[in-house]
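S.K.: Take this structure, written in structure tokens, and hold onto it; I'll ask about it next.
Protein chains: 2
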Amino acid sequence: MPRYKFIIEYNGSAYHGWQYQENLPTIQGEIESAIFKITQESIRLQVSGRTDAGVHALGQVAHADINKLMDPFRLTYGLNHFLTNKGISILSTETCDTTFHARFSTKARTYLYKIINRRAPLTVDMKLAYHVPLPLDVTSMNEAAKYLIGHHDFTSFRASECQALSPKKTLEQAEFKQSNNLIEFHTRSKSFLHHQVRNMVGTLCLVGVGKWQPKDIQIALLAKNRKAAGPTAPPDGLYLREIIY
Amino acid sequence: MPRYKFIIEYNGSAYHGWQYQENLPTIQGEIESAIFKITQESIRLQVSGRTDAGVHALGQVAHADINKLMDPFRLTYGLNHFLTNKGISILSTETCDTTFHARFSTKARTYLYKIINRRAPLTVDMKLAYHVPLPLDVTSMNEAAKYLIGHHDFTSFRASECQALSPKKTLEQAEFKQSNNLIEFHTRSKSFLHHQVRNMVGTLCLVGVGKWQPKDIQIALLAKNRKAAGPTAPPDGLYLREIIY
Numbered sequence: 000m001p002r003y004k005f006i007i008e009y010n011g012s013a014y015h016g017w018q019y020q021e022n023l024p025t026i027q028g029e030i031e032s033a034i035f036k037i038t039q040e041s042i043r044l045q046v047s048g049r050t051d052a053g054v055h056a057l058g059q060v061a062h063a064d065i066n067k068l069m070d071p072f073r074l075t076y077g078l079n080h081f082l083t084n085k086g087i088s089i090l091s092t093e094t095c096d097t098t099f100h101a102r103f104s105t106k107a108r109t110y111l112y113k114i115i116n117r118r119a120p121l122t123v124d125m126k127l128a129y130h131v132p133l134p135l136d137v138t139s140m141n142e143a144a145k146y147l148i149g150h151h152d153f154t155s156f157r158a159s160e161c162q163a164l165s166p167k168k169t170l171e172q173a174e175f176k177q178s179n180n181l182i183e184f185h186t187r188s189k190s191f192l193h194h195q196v197r198n199m200v201g202t203l204c205l206v207g208v209g210k211w212q213p214k215d216i217q218i219a220l221l222a223k224n225r226k227a228a229g230p231t232a233p234p235d236g237l238y239l240r241e242i243i244y
Numbered sequence: 000m001p002r003y004k005f006i007i008e009y010n011g012s013a014y015h016g017w018q019y020q021e022n023l024p025t026i027q028g029e030i031e032s033a034i035f036k037i038t039q040e041s042i043r044l045q046v047s048g049r050t051d052a053g054v055h056a057l058g059q060v061a062h063a064d065i066n067k068l069m070d071p072f073r074l075t076y077g078l079n080h081f082l083t084n085k086g087i088s089i090l091s092t093e094t095c096d097t098t099f100h101a102r103f104s105t106k107a108r109t110y111l112y113k114i115i116n117r118r119a120p121l122t123v124d125m126k127l128a129y130h131v132p133l134p135l136d137v138t139s140m141n142e143a144a145k146y147l148i149g150h151h152d153f154t155s156f157r158a159s160e161c162q163a164l165s166p167k168k169t170l171e172q173a174e175f176k177q178s179n180n181l182i183e184f185h186t187r188s189k190s191f192l193h194h195q196v197r198n199m200v201g202t203l204c205l206v207g208v209g210k211w212q213p214k215d216i217q218i219a220l221l222a223k224n225r226k227a228a229g230p231t232a233p234p235d236g237l238y239l240r241e242i243i244y
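Structure, rendered in structure tokens:
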């Protein structure tokens, strides 16, 4: 049975996250429904990393074993036909070895978090970025972010419902880049805890507005207590950017 | 009576254009309604340039004479409160001399036209960019765009319903910039004919896909006949960027 690997882009605004839920719109549900329309097979997609409600993806990866042998190019075209105007797009499809697993073969994941830093409310970026009206000091935020890079216990940045076996992760990148009022946070790790990126961004914004000093991030990290860190930034600004295999 | 100058950003997707129309959602209608809620005055906004249905603005300018004297900062805040979740944002308000007129004082206008050039349908950029699935050759498009720069009769790129007195305009800039699959067209002129930017982009895309040679743009221009040029590109990719006074 051929295994297909899909690279997927989506606007998460209208969805209750990636994971299939009966009677609720989800990305997984929409794609599995499109696959059924083409193949008449009820398959379950395996994904690299589930995303929460409102979170977007520029390069999500999923795989599926489908009985029907199809030209990957035609399969992409057919899926996108059934996904028209749903804010979900199959960027590419390829057949792959059955040793490939979208989740377990992942070597690293990168996320982008977009902030628009200005007083006026958002229009074209609404639901696509986090609106922060107070001026952010990106230099301080980058100084603080450096304390998070490396191998740490990230309990302070972990959602209570997180199901990971260990709170220890190795953060390879955590860096803000500014261009006028657009601030982009780039981060990379083999894997992330639930809400980890949004909790890191929410806390780093405390540094950005001057409520915290950069060093306070290290204190929060070492506390290994979610209450020691700052709020969870909204899903709007978060993009699963790339899965590296 | 104080005159107020507003700089406005909006997502045009949900609107029947700038201009007030009874019983239809328009940008002007929404802002005038917000002004009424604050001042109980029924005023008419004067705008630098009307935009069509689906066209966006990053720096539209309008003015209004309002009896009530208000702090511009508080007025901005109040208007944005009543514009919440409408995809319209007042970036700034200032009082200005009554010799200032949003339309007649305009020295130049700049537009941005965003194209996403890839096979896969759009998700996060849906309604915010023009999706062109065939590969575009930006070098040829820029070569062609040069023929449009300068003082010309733009009849070939003018909508039949255009009300301008003369089809002659001086185009100061017409240039494509590419970054991966994002192609941005930058153009500047004292004023544009109705649909001029969209007709130029639609025609330049014929060059981009190889159906036309760059020199064919000059032939179309000299024909002074709308039928000699290419199709009108969709409103989705068009942004009124800046009004220069």
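Going down the list, the sequences are from chains A and B. Residue numbering for the first sequence follows numbering that gives the first Met the number 0, beginning at 0 and increasing consecutively. Residue numbering for the second sequence follows numbering that gives the first Met the number 0, beginning at 0 and increasing consecutively. Idealized CB from N, CA, C, for every residue including glycine.
#1: Expressed to the nearest angstrom, what Euclidean distance is found between the alpha-carbon atoms of B/THR75 and A/ILE115?
#2: For chain A, find out if any of its Cβ atoms is closer than 8 Å to the Cβ of B/GLN122; answer yes or no.
#3: With 8 Å set as the bound, which would you pick, yes or no: does the beta-carbon of A/HIS55 sit closer than that to a beta-carbon of chain B?
#4: So with Cβ pairs under 8 Å, would you call A/ALA232 a contact of chain B?
#5: Are the segment 97-107 of chain B and the segment 74-90 of chain A touching, with three or more C-beta to C-beta distances below 8 Å?
#6: What does the Cβ neighbour count give for A/PHE72, buried or exposed, with the cut at 16 atoms within 10 Å?
#7: Counting only beta-carbon atoms, is A/MET0 nearer than 8 Å to chain B?
#8: Report the rounded CA-to-CA distance for A/HIS80 versus A/PHE35, giving the unit in angstroms.
#9: Is A/TYR146 buried or exposed, if buried means 16 or more other CB atoms sit within 10 Å of its CB?
#10: Using only the alpha-carbon positions, how far apart do B/ASN22 and B/TYR9 sit?
#11: Consider the Cβ of A/GLY58: report whether some Cβ of chain B lies at a distance smaller than 8 Å.
#12: What in chain A is Cβ-close to B/SER88, meaning under 8 Å?
#13: Residue range of the alpha helix (DSSP H) that B/ASP215 falls in?
#14: In angstroms with no decimal places, state the Cα-to-Cα distance between B/VAL54 and A/GLY53.
#15: Taking a Cβ distance cut-off of 8 Å, strictly less, list which residues of the segment 2-34 of chain A are near chain B, in chain order.
#16: Restricting to runs no shorter than 3 residues, where is the beta strand (DSSP E) found entirely within the segment 32-117 of chain A?
#17: Whole angstroms is fine: what's the gap from A/ARG197's alpha carbon to B/ASN224's?
#18: Measure the alpha-carbon distance for B/THR186 versus B/ILE243 and round it to whole angstroms.
#19: Please determine, among A/GLU93, A/GLY149 and A/ALA143, the residue with the shortest C-alpha to C-alpha distance to A/LYS189.
#20: With DSSP as the reference, please indicate the residues paired to A/GLY207 in a beta bridge.
#21: So, is the C-beta of A/MET140 closer than 8 Å to a C-beta in chain B?
M.R.: With the given structure in hand:
#1: 18 Å
#2: What sits at residue 122 of chain B in the sequence shown is Thr, not Gln. Chain A contact via Cβ: present.
#3: yes
#4: no
#5: no
#6: exposed
#7: no
#8: 13 Å
#9: buried
#10: 20 Å
#11: no
#12: ALA119, PRO120, LEU121 and THR122
#13: 214-222
#14: 25 Å
#15: GLU8, TYR9 and ASN10
#16: 55-64, 87-95 and 107-116
#17: 55 Å
#18: 13 Å
#19: A/GLY149
#20: According to DSSP, which records beta bridges pairwise, A/GLY207 is partnered with nothing at all.
#21: no
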